[in-house]
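Before any comments, here is the structure.
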Amino acid sequence: MDLSIRNLPEPLQLIFNDNQLSPCSDLEINQFEQQQGITLPSIYKDFLKMMGHGAGKFLRGSDCFYQHLPQIQEWAKELLVENDFPEALPEDAFVFFMQQGYQFSFFRLSEGDNPPTYSYCEGQQEPYFVKSHDTFGDFLAVEIELYLKYSMSLAS
């Protein structure tokens, strides 16, 4: 089943109920694409339109929102150089998520409207990027699931 943000009504409803989501405007997304010379996948644009400027406690501590996007492209490249990683980021890589400066995730702009995601983590054994999710929708579904589990453990 192709998982898109629109197919996640119940978990997303829980996120909406718990957090103040701050969307990006179409204009901001279009301007970002023009500045970067890229076209983002439609599912990722949906994410930005829903919570591109922040999502309360959801994804807190992660660099993955609109204001981080220009910097994390560079930070990811710097991390690879600092760690003498043998592979360079693919030309069409778009880093959409960075955790505490030691781990990041990206998708390739050439791999469709709901592309697979790849990751790198400082100290990993593999000398290549690891495919972490079959789609960006799967990445988001896992993050939502982790958030909900964490929220429930705090509530009990």
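At position 120 of the sequence shown the residue is numbered 120 (the working numbering), and the sequence of numbers has no breaks. Beta carbons are placed, not taken as given, at the ideal position from N, Cα and C, and that holds for glycine.
| Exposure label - G123; buried when at least 16 CB within 10 Å | In the sequence shown, the residue the question calls residue 123 occupies position 123. Classification of G123: exposed, given that the 10 Å Cβ count is below 16.
| said: So for Y102, helix, strand or coil by DSSP? | reply: The residue given as residue 102 occupies position 102 in the sequence shown. Note: Y102 maps to coil in three-state DSSP.
| message | Contact defined as beta carbons within less than 8 angstroms: I believe F94 pairs with F107. What is the distance between those atoms, to the nearest angstrom? | response | One-based indexing of the sequence shown puts residue 94 at position 94. One-based indexing of the sequence shown puts residue 107 at position 107. Confirmed, Cβ separation roughly 6 angstroms.
| query | Whose CA, out of F129, Y118, E28, lies closest to the CA of D46? | reply | Here residue 46 refers to the residue found at position 46 when the sequence shown is read from its first residue. The shortest CA-to-CA distance from D46 to any of F129, Y118, E28 is the one to E28.
| request: Would you identify the three-state DSSP class for H53, choosing helix, strand or coil? | output: Here residue 53 corresponds to residue number 53 of the sequence shown, with the count starting at 1. Looking at H53 - three-state DSSP - the assignment turns out to be coil, as it is neither helix nor strand.
| Which first and last residues belong to the alpha helix (DSSP H) in which F32 is found? | Here the question's residue 32 lines up with position 32 in the sequence shown. From DSSP, the alpha helix (DSSP H) with F32 extends over 26 to 36.
| said: Under DSSP, the alpha helix (DSSP H) around Q71 begins and ends at which residues? | reply: As a position in the sequence shown, residue 71 is number 71, starting the count at 1. 69 to 82 is the span of the alpha helix (DSSP H), which, as asked, contains Q71.
| said: Rounded to whole angstroms, what is the Cα-Cα separation between D138 and G101? | reply: On the sequence shown, position 138 is the one that residue 138 refers to. On the sequence shown, position 101 is the one that residue 101 refers to. Rounded to the nearest angstrom, the two C-alpha atoms are 23 angstroms apart.
| message | Assuming S132 is part of the beta strand (DSSP E), what are its boundary residues? | response | Here residue 132 refers to the residue found at position 132 when the sequence shown is read from its first residue. Following the DSSP letters along the chain, one finds S132 inside the beta strand (DSSP E) bounded by residues 130 to 133.
| request: Output the distance between the C-alpha atoms of F136 and M98, rounded to the nearest integer angstrom. | output: Taking the sequence shown and counting its residues from 1, one reaches residue 136 at position 136. Taking the sequence shown and counting its residues from 1, one reaches residue 98 at position 98. F136 and M98: Cα-Cα distance of roughly 15 angstroms.
| field | Where E126 falls, given that 16 or more other Cβ within 10 Å makes a residue buried | value | In the sequence shown, counting from the first residue as 1, residue 126 sits at position 126. Under a 10 Å Cβ-count criterion, E126 is classified as exposed, with fewer than 16 other Cβ atoms of the shown protein chains found around its own Cβ.
| query | Count the other CB atoms within 10 Å of the CB of A88; is the residue buried (16 or more) or exposed (fewer)? | reply | Counting from 1 along the sequence shown, the entry for residue 88 is found at position 88. Result: exposed.
| Sufficient close CB pairs (3 or more, under 8 angstroms) joining the stretch 65 to 82 to the stretch 140 to 147 | Touching, no, given that fewer than three Cβ pairs across the two stretches are closer than 8 angstroms.
| Contacting residues, own chain, Cβ-Cβ under 8 angstroms from H215 (five flanking each side not counted) | As shown, the chain starts at 1 and ends at 156. That puts residue 215 outside it, with no answer to give.
| Taking all protein chains shown into account, do 16 or more other C-beta atoms lie within 10 angstroms of the C-beta of N30, making it buried, or fewer, making it exposed? | Counting from 1 along the sequence shown, the entry for residue 30 is found at position 30. By the neighbour-count rule (16 or more Cβ atoms within 10 Å), N30 is not buried but exposed.
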